[in-house]
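Written out below as structure tokens is the structure these notes cover.
Numbering (the numbering used here), first residue to last: 5 to 52.
Have a look at this one:
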């Protein structure tokens, strides 16, 4: 399973390396997009 460490990370292709690009890969991609959005939201809400 691939993982992301920074908000700028992104994933493409056969993410879970099962040999096909399928709905499972799309699900992982959308979960990572949600995580990325959470990072940006947290950064915007940090006290200055």
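For each residue, glycine too, the CB sits at the ideal point set by N, CA and C.
Burial is judged here by how many other beta carbons sit within 10 angstroms of a residue's own beta carbon; residue 42 has fewer than 16 and is exposed. Residue 25 sits in coil when the DSSP states are folded into three classes, being neither helix nor strand. Shown here, residue 47 sits in a helix according to DSSP, grouped into three states.
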